[in-house]
Amino acid sequence: MGLAALQLRDRSLAVERNQKLRCSIGGNVDLVCKLQQLTKKYTAQEREISVCASQAHTMHHKFWDLLANADEEIFADQLAAVARLRLELQQRGYQLPTTALSVNWGLSRGHMMVKQDGNNGVVLEMHCGTTVPFNLDVAARAYWRFFCVEHGEIPADSSATSLSKGTIANSFSLRLEFEGLVSEVSGKYTCQVNVDEDKITITWVEHADVLAFGGVVFNGLQYQKRASMTLCRVLREGPGNQSTSTVVHTYFQTIPVFHDSIADKLQQTQAFVDSAYRSHSKLNKIVCQHMSNLLLEEDWKATFG
């Protein structure tokens with residue numbers, strides 16, 4: 003092979019290597035740009051969650067020392083929050099669900115949504131609307147019994163609790179272990195029960211110190227919950243026809259709030275949200291199981307005494 007041919011071959015190889023190198027560099031540049039964009043996006047989201055968590059603590063939601071603060075002060079604040087929630091529900095209006103669900107799946111608390119709100123920080127919300135094949139009185143007694151069970155007041159199989167009316171303020175402590183996940187909370191709640199001819203509304207606000215939730219241990223975390231259960235009689239047409247169904251609409255809003263001394267608010271907020279996601283389906287199983295049993299028990303008592 004002549005000198006000219008060797009030079010041509012070497013030049014061709016050099017050109018080929020340069021092209022490959024440029025392609026490799028170009029790919030790396032694109033990858034770096036994408037990584038930078040993802041990093042900026044993650045950092046922005048992390049900063050937003052951090053700011054929201056801080057705002058939830060400093061702007062609108064006070065961390066209550068449930069042992070040191072006077073009960074009268076806590077319950078008065080909760081009663082005002084209950085009144086605001088009832089006003090919101092009235093302004094929002096009542097919407098009838100379009101689908102009647104079965105007893106098992108219709109009793110779910112609904113899909114959990116996590117929002118980042120500038121006023122409240124990180125907000126967990128659940129909405130559910132369904133129709134149960136029981137009259138209003140039976141459904142109301144069953145849902146009230148479940149409310150009491152949730153707040154550790156009576157055993158799940160107790161049938162001695164009747165539907166309360168008016169305003170109730172109480173302390174509660176609850177430890178739940180289900181499928182390996184332990185949750186333990188203690189707190190205070192204020193509840194109002196309003197009974198109309200064709201509608202019963204249970205509205206409450208609660209503050210609870212969280213020792214563990216969904217198997218995760220927390221420090222200095224308090225959740226503040228606003229919730230309501232609205233039960234409406236399904237009216238049947240024609241004289242003398244009794245209603246045999248009830249529309250149930252539930253709403254739950256939970257906000258994590260931290261003590262001033264806690265430095266890892268962001269990390270614990272993320273852990274709380276992750277734990278809520280992981281345990282949501284398991285808690286729904288508990289709701290379906292207990293509510294199915296309670297509805298059947300109350301219907302049996304109403305029918306056979």
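Going by the working numbering, the letters in the sequence shown line up with residues 3 to 307, in that order. No residue lacks a Cβ here, since even glycine has one placed at the ideal position from N, Cα and C.
- Under the criterion of beta carbons closer than 8 Å, Ala304 and Leu233 do not qualify as touching, at roughly 15 Å.
- In this structure, the CA atom of Val219 is about 44 Å from the CA atom of Val236.
- Here the segment 180–192 makes contact with the segment 201–217; the two share three or more CB pairs at distances below 8 Å.
- Burial check for Glu179: the Cβ neighbour count within 10 Å stays below 16, so the residue is exposed.
- Judged by DSSP in its simplified three-state form, Thr248 adopts strand.
- Out of Asn221, Thr203, Tyr253 and Ala210, the CA that lies nearest to the CA of Phe77 is found in Ala210.
- Of the residues Leu68, Arg111 and Gln269, the one whose Cα lies closest to the Cα of Thr132 is Arg111.
- Exposed is the label assigned to Trp302, since fewer than 16 other Cβ atoms lie within 10 Å of its Cβ.
- DSSP places Asn196 within a strand segment (E or B) once states are collapsed to three.
- Per DSSP, Phe77 is one residue of the alpha helix (DSSP H) stretching across Asp73 to Arg94.
- Per DSSP, reduced to three states, the secondary structure at Lys167 is coil, with no helix or strand assignment.
- In the three-state reduction of the DSSP assignment, Val236 falls in the coil class.
- One alpha carbon belongs to Asp198, the other to Met128, and they sit about 25 Å apart.
- If you ignore the 5 residues before and after Val116, its C-beta comes within less than 6 Å of the C-beta of Leu126 and Val275, all in its own chain and listed in chain order.
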